[in-house]
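I have placed the structure first, in the form of structure tokens, so that the comments after it can refer back to it.
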Amino acid sequence: MSGGVTVGSEVATTAFKDANETEGGMIVGDVGVEAEVRRRESRRAPRGFDDPDMDAKSYTLVTQERIEGEAEADRRSDALAERFEGVRESAADEGVEIEGRAERCRAEVTSGTHYERTSCDERPDVGPEFENPFEELTQDQLAKVNQQAAKMEGEFGPNCHLGRASFANLLARRVAEGSTVLDATLAVKEAVLQFPDVEQPIADIDPFDQYQTTVEGTIDVLWEPKGKGQYQVGLISDDSDERVKITVWQKSGKKPLLKEGDKIRAERVKVNAYQRGGEWETTLAVDAEAEIHHVEHGDGDAPRMRIHHDEHEPPAWRADSKTHKWLIESDVQEGGDEADLDDAKTEAINAWIRGEITEGEIDEYAASLKK
3 MSGGVTVGSE
13 VATTAFKDAN
23 ETEGGMIVGD
33 VGVEAEVRRR
43 ESRRAPRGFD
53 DPDMDAKSYT
63 LVTQERIEGE
73 AEADRRSDAL
83 AERFEGVRES
93 AADEGVEIEG
103 RAERCRAEVT
113 SGTHYERTSC
123 DERPDVGPEF
133 ENPFEELTQD
143 QLAKVNQQAA
153 KMEGEFGPNC
163 HLGRASFANL
173 LARRVAEGST
183 VLDATLAVKE
193 AVLQFPDVEQ
203 PIADIDPFDQ
213 YQTTVEGTID
223 VLWEPKGKGQ
233 YQVGLISDDS
243 DERVKITVWQ
253 KSGKKPLLKE
263 GDKIRAERVK
273 VNAYQRGGEW
283 ETTLAVDAEA
293 EIHHVEHGDG
303 DAPRMRIHHD
313 EHEPPAWRAD
323 SKTHKWLIES
333 DVQEGGDEAD
343 LDDAKTEAIN
353 AWIRGEITEG
363 EIDEYAASLK
373 K
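Its first residue numbered 3, the sequence shown is counted upward by one per residue in the numbering used here.
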């Protein structure tokens with residue numbers, strides 16, 4: 003009997019003395035099993051590089067390079083951590099505190115953006131430099147601070163969440179730091195105007211230093227939107243006759259329809275800038291976070307981009323349609339009997355269309371009109 007082991011296209015043939023045993027004493031049936039076991043072992047993922055039972059020579063070159071690279075990265079990370087810890091300890095001995103990685107990363111990300119310094123930093127309950135700044139003021143300074151605080155409360159009104167006491171605290175803190183009452187008033191007013199809910203004059207909007215604002219003005223003109231995703235585009239002006247472009251986006255939700263002549267209050271609109279004629283101009287964007295409130299309604303045109311949630315005009319056959327013609331205004335069909343459509347019958351049919359009577363009451367209603 004003869005058997006063979008196939009390797010590629012070559013066949014090695016061995017003559018067997020016995021059906022179950024070769025000349026070397028190897029069991030024929032075990033050849034395939036041992037070869038399969040060896041193939042499975044070679045396909046297994048290698049154990050850890052520091053495994054004492056694992057020979058490093060059994061790794062492939064790719065595996066060795068990967069493990070050595072990870073080990074080198076760990077060594078460098080540990081060395082940098084030890085070096086930074088030494089620098090922090092040295093600085094702490096000199097009385098200097100070095101911020102951690104999270105603080106440094108936050109400062110780097112927010113630098114140069116509108117998040118770097120917000121109006122929330124101006125609130126009196128955010129880390130004041132003095133426990134009671136009023137103790138640092140003279141009687142004359144204290145009187146002027148209270149007067150300016152009362153004026154600012156009346157100027158900003160209920161649209162600002164700061165009251166008279168908060169304004170006085172902000173002013174007193176700046177005056178205690180060395181500013182004059184006038185400079186402190188201007189600085190606080192400028193900071194408060196950055197609040198998203200505080201009405202701001204259009205002329206004071208800075209598109210490169212603001213993220214949101216609130217304006218109140220009149221819609222001067224609207225035109226057909228040309229940009230994709232725009233719902234309404236126009237110009238809005240306030241009491242100072244300053245104009246700014248305002249855009250209502252389709253994805254802003256169901257915002258009130260704007261008409262020319264409307265006086266509105268737009269809250270928390272996004273501030274941006276665009277180039278026109280080589281110069282930068284301010285633009286306001288109404289998105290989902292913004293709100294529009296009508297102060298007065300105008301009677302001008304309302305050009306817009308049609309979207310799915312627009313209110314459609316009722317069809318002409320409905321009584322509440324603007325193009326609906328009552329039966330008395332329409333022409334009698336050719337071939338019809340004009341004698342059957344007298345004024346009383348026509349009025350009865352119109353009453354039925356309006357829903358005032360039922361169809362069975364048309365004749366009775368017409369008869370009552372004739373009487």
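Idealized CB from N, CA, C, for every residue including glycine.
DSSP places residue 96 in the coil class of the three-state scheme, outside both helix and strand.
Counted as a single uninterrupted DSSP element, the alpha helix (DSSP H) harbouring residue 141 occupies residues 141-158. When rounded, the separation of the alpha-carbon atoms in residue 260 and residue 168 is 37 angstroms. For residue 367, no beta strand (DSSP E) run applies; the uninterrupted alpha helix (DSSP H) run containing it begins and ends at 364-372, by DSSP.
DSSP, reduced to helix, strand and coil, places residue 200 outside both helices and strands of the structure shown, so it counts as coil. A straight line joining the alpha-carbon of residue 96 with that of residue 90 spans about 10 angstroms. Annotation: the continuous beta strand (DSSP E) that includes residue 285 extends over 281-288. DSSP places residue 193 outside any beta strand (DSSP E); the residue lies instead in the alpha helix (DSSP H), whose first and last residues are 183-194. Between residue 220 and residue 242, the C-beta gap is not smaller than 7 angstroms, which leaves the two residues out of contact. Here residue 274 is bridged, per DSSP, to 285.
Straight through space, the alpha carbons of residue 291 and residue 249 are spaced by roughly 14 angstroms.
Taking the Cα of residue 251 as reference, the smallest distance to any Cα among 229, 224, 265, 264 is reached at 229. The beta-carbon separation of residue 199 and residue 262, rounded to 27 angstroms, does not stay under the 8 angstroms limit for a contact. Secondary structure of residue 207 (DSSP, three-state): coil. Non-local C-beta neighbours of residue 359 in its own chain, meaning closer than 6 angstroms and more than five positions away in sequence, comprise 353, 367, ordered along the chain.
Going by C-alpha positions, residue 218 is about 8 angstroms away from residue 203.
By the neighbour-count criterion, in which 16 or more other beta carbons inside 10 Å mark a residue as buried, residue 60 falls on the exposed side.
Around the beta carbon of residue 308, fewer than 16 other beta carbons lie within 10 angstroms, which makes this residue exposed.
Just measuring C-alpha positions, the residue of 277, 275, 305, 264 sitting nearest residue 296 is 264. In the three-state scheme derived from DSSP, where H, G and I count as helix and E and B as strand, residue 238 is classed as strand. Taking 7 angstroms as the cut-off, the beta carbon of residue 275 is found closer than this to the beta carbon of residue 209.
Excluding five sequence positions before and after residue 81, none of the CB atoms of its chain fall closer than 6 angstroms to its own CB. In this structure, residue 184 lies away from residue 147, with their beta-carbon atoms at least 7 angstroms apart. Per DSSP, the continuous alpha helix (DSSP H) segment holding residue 345 begins and ends at 345-355. Counting along the chain, residue 105 sits inside the alpha helix (DSSP H) bounded by residues 103-112. In this chain, the beta strand (DSSP E) harbouring residue 224 covers 214-225. Partner residues in a beta bridge of residue 256, as assigned by DSSP, do not exist. For residue 245, the enclosing beta strand (DSSP E) covers residues 245-251.
Under the DSSP assignment, residue 298 falls in the beta strand (DSSP E) whose first and last residues are 293-298. Note: residue 66 is not bridge-paired with any residue in the DSSP secondary-structure output. Counting along the chain, the unbroken alpha helix (DSSP H) around residue 168 starts and ends at 166-178. In this structure residue 176 is buried. Its beta-carbon is surrounded by 16 or more other beta-carbon atoms within 10 angstroms. Residue 215 and residue 288 do not touch by the CB rule: their CB atoms are close to 12 angstroms apart, not below 8 angstroms.
Listed in chain order, the non-local C-beta contacts of residue 166 below 7 angstroms within the same chain comprise 151, 152, 155, local neighbours out to five positions each way being set aside. Taking the CA atoms as reference points, residue 142 sits about 42 angstroms from residue 100.
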